[in-house]
Amino acid sequence: MEHLSLTPATQAVLKALAELGQGNVHELAEKSGKARSTTDKAIKTLTDVGLIVTVDLGADAAEGTPTRWTLSEDATAALEAADLGDEPTAGLDETDADQGSASADEPDTGDGEPLGDADNWAPETGHHDGEATDDRQEAADQDENDGEVDDEPGAPATAGSPTTVVAPTRPGDRKVMAIKGVLAEHSEDGATVDVIVAESGIGHPTTIRLLAAMEQADAARRKPGLPERWIAGPTKASEVDPNPEPPRCALCFQVIRGVTSTPAAVAAVQSLIRPDGTLHILDTDDETRVVTLPTPLPPRSLNNSPSTVGQRSAVTINGDGNQPFARGELEKLTIAELAENPGRLMTPQEIATAISARLGGRTVSPGAVRNNCTKAAAAGSILLVSEAPLTFVFEAHDDGSSAEAAPDGEESGAEGDAADSAEGTGDAVEQLSGEQDTNDAEES
């Protein structure tokens with residue numbers, strides 16, 4: 001630490017902290033006479049080299065309490081040895097105008113004023129004035145011979161002495177901290193969502209989303225009664241994830257969307273689940289039915305392993321948070337949707353919308369539905385009515401009879417088209433067979 005080079009501004013902040021004993025950035029800026037930005041840079045520099053450490057007051061960062069700093073043990077010993085607290089700080093304020101002007105004109109080589117008495121230091125060489133060097137070396141040798149750590153005042157820091165630095169806690173999300181502050185102000189009375197929006201300045205949808213995230217981390221709690229009020233929880237705002245995983249149904253573990261009171265609903269259902277993972281339901285005939293719930297999905301993790309074509313993990317999750325359809329499942333749903341509406345012309349987009357509504361708003365790709373419709377039409381399960389726009393229909397039947405007949409005994413358009421297509425296909429097959437026989441005869 002003896003060979004550290006600090007700028008005059010950093011030395012001024014260090015001297016101010018040495019005089020105050022401890023202080024925050026505002027107190028250090030006022031004491032040193034430096035700007036706030038300059039003081040912040042000086043604090044970062046002093047923290048990186050281990051000269052200052054944070055003072056753990058146990059305060060929550062959400063309360064707006066600024067971090068307080070104090071000198072480390074090594075810095076205290078070095079400052080007492082160099083008597084920095086009594087000597088004026090070396091800088092531009094102590095030099096005459098000519099020296100200050102010359103320093104301003106010279107390029108910055110990174111050689112700032114060294115820490116301590118300026119007369120006892122030589123720039124960048126590591127050699128000191130003879131007397132000062134002998135004194136420090138003698139003190140260091142004495143400590144080394146005695147086997148003692150620098151506990152006595154006036155003992156300089158050695159190069160190998162450990163420095164204990166308390167790492168500052170990572171600041172939390174700004175909006176979460178603002179909401180936490182509003183809840184803390186209202187204490188046990190709680191605050192409604194409208195009050196939180198008005199006092200924090202955060203939008204209503206964002207406030208609801210962050211309150212749900214804070215409730216999930218137990219940083220905010222709902223207060224029983226109407227209107228609904230929120231109170232602060234024991235968890236610190238810095239420990240809240242503003243974008244947690246979406247809530248899932250306690251029964252099927254699918255993602256729950258579009259419900260503002262999701263946590264309360266999930267909690268109500270969760271309390272009914274037995275420890276063995278079963279749900280006991282009382283039927284209308286007063287019989288208890290036991291439902292075995294599915295196993296919850298493991299938490300999502302980053303998979304860095306190379307993907308293998310043709311393999312699908314059992315825990316694959318779509319972009320909407322739901323499990324993908326099993327093989328052939330979407331095709332069955334597509335045919336079932338058309339079968340429930342016999343005779344109705346439907347496009348793949350209409351079919352996808354109907355399937356999505358049946359599954360509670362789950363995202364269904366119209367392109368995937370189109371592929372399944374084309375496949376089913378080729379297999380004869382449904383009929384292709386038109387290609388522009390692409391339209392399909394499930395053939396309507398009477399009881400025990402074939403397709404409905406059109407007026408005057410004519411076949412319906414879709415059935416007629418299918419018959420014409422079949423006849424055309426048969427003619428093409430017969431033509432190919434005839435050509436093959438002719439070629440065989442010529443070769444013989």
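Everything in the sequence shown is counted per this note's numbering, starting at 1 for the first residue and increasing by one.
Quick reminder that beta carbons are idealized off the backbone N, C-alpha and C, glycines included.
Counting along the chain, the unbroken alpha helix (DSSP H) around R36 starts and ends at 36-48.
Of the residues assessed, R229 falls on the buried side of the cut-off, its CB having 16 or more other CB atoms within 10 angstroms. As the crow flies, the alpha-carbon of R36 is around 35 Å from that of I231. Runs of alpha helix (DSSP H) with 4 or more residues, each lying fully within the segment 181-218, are found at 193-200, 204-216, listed in chain order. The criterion of a C-beta distance shorter than 9 Å is satisfied by F394 and R344. Per DSSP, the beta-bridge partners of T54 are W69. The bridge partners DSSP lists for L383 are V393. For V290, the uninterrupted beta strand (DSSP E) segment begins and ends at 288-292. With respect to the C-alpha of E73, the residue from P66, T10, V55 having the closest C-alpha is V55. When T284, P275, C373 are compared, the shortest CA-CA separation from Q349 is found for C373. Secondary structure note for K236: it is in no beta strand (DSSP E), with a DSSP letter that is neither H nor E.
Taking the Cα positions, T70 is about 14 Å away from D40. Excluding the 5 residues flanking it on each side, T278 has same chain C-beta neighbours closer than 6 Å at V290, T292, in chain order. Collapsing the DSSP output to three states places R174 in a helix. The C-beta distance from A12 to K34 rounds to 6 Å, short enough to fall under 8 Å.
If you compare the alpha carbons of L226, D173, D283 with that of M214, the shortest gap goes to D173.
The residue from E19, V25, L46 with its alpha-carbon nearest to that of S5 is L46.
Within the same chain, and ignoring the five residues on either side of L210 in sequence, the residues whose Cβ sits closer than 7 Å to its Cβ are K175, V176, I179, P242.
A check of alpha carbon separations from A220 across V369, Q22, G201, V240 identifies V240 as the nearest. According to the DSSP assignment, L330 belongs to the alpha helix (DSSP H) that extends over 329-339. Q323 sits in coil when the DSSP states are folded into three classes, being neither helix nor strand. The beta carbon of H26 lies closer than 7 Å to those of P66 in the same chain, with the five residues before and after it left out. Here L272 carries a coil assignment [DSSP, helix/strand/coil]. Taking L384 as the centre and dropping the five residues before and after it, the same chain places the C-beta of A377, F392 closer than 7 Å to its C-beta, in chain order. Around the Cβ of I202, a 10 Å sphere holds 16 or more other Cβ atoms; the residue is buried. If you draw a straight line from the Cα of L359 to the Cα of D48, it comes to about 56 Å. Between L14 and A75, the CB-CB gap stays under 9 Å. E19 counts as exposed, since fewer than 16 other beta carbons sit within 10 angstroms of its beta carbon. Note: A220 is bridge-paired with A232 in the DSSP secondary-structure output.
When P324, Q323, P246, V369 are compared, the shortest CA-CA separation from A336 is found for V369. Boundaries of the beta strand (DSSP E) harbouring T278: 278-282, taken from the DSSP string.
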